[in-house]
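This is the structure in structure tokens:
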């Protein structure tokens, strides 16, 4: 009878330790959705061109935007996929292609993303050109999903939708 009691106590202790270990692992490694924003004060156009002048029919621009992620997780995050479209009014003017970026665990970090705009629709180019002549700025809308990786786990799509005044 004594061995059965010791065995039962040992099993109970092992079960409790296993449950505590599981709870601790779940607390630290269950993915939490990060806060994702864009630091609009740091967005910049590296170069742009309307060609040919005086009546342009093509617009190209190289931009940098800074993606800010507040990572509440205990593991580093990286971009699994990014698929943002960029609009000027209702005109499609470009996209943000898949890129590599990593954010440290338990940190609020920002990383630059490169954006290339290339517009050849004459109507869209004319509207961009007209808007840029008013005050040197154009308003762009970035919309689409981003997926992040938590180690080997990829998050569901996190929707992004923001508007940015960009100085040309």
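Residue numbers (the working numbering): -8 to 159. Ideal Cβ placement from N, Cα and C applies to all residues, glycine included.
Could you tell me which residues DSSP pairs with residue 87 in its beta bridges? 75
DSSP three-state call for residue 64: helix, strand or coil? coil
Mark residue 37 as exposed unless 16 or more other C-beta atoms lie within 10 angstroms of its C-beta, in which case mark it buried. exposed
To which residues does DSSP link residue 144 through a beta bridge? 141
Is it true that the CB of residue 94 sits closer than 7 Å to the CB of residue 62? yes
Does the Cβ of residue 23 have 16 or more other Cβ atoms within 10 Å, making it buried, or fewer, making it exposed? exposed
Suppose you measure from the CA of residue 121 to the CA of residue 17; what does that come to, to the nearest Å? 55 Å
Beta-carbon proximity list for residue 33, same chain, < 7 Å, skipping 5 on both sides: 57
Secondary structure at residue 92, three-state DSSP: helix, strand or coil? coil
Quick check: the Cα distance between residue 99 and residue 66, rounded to an integer number of angstroms? 13 Å
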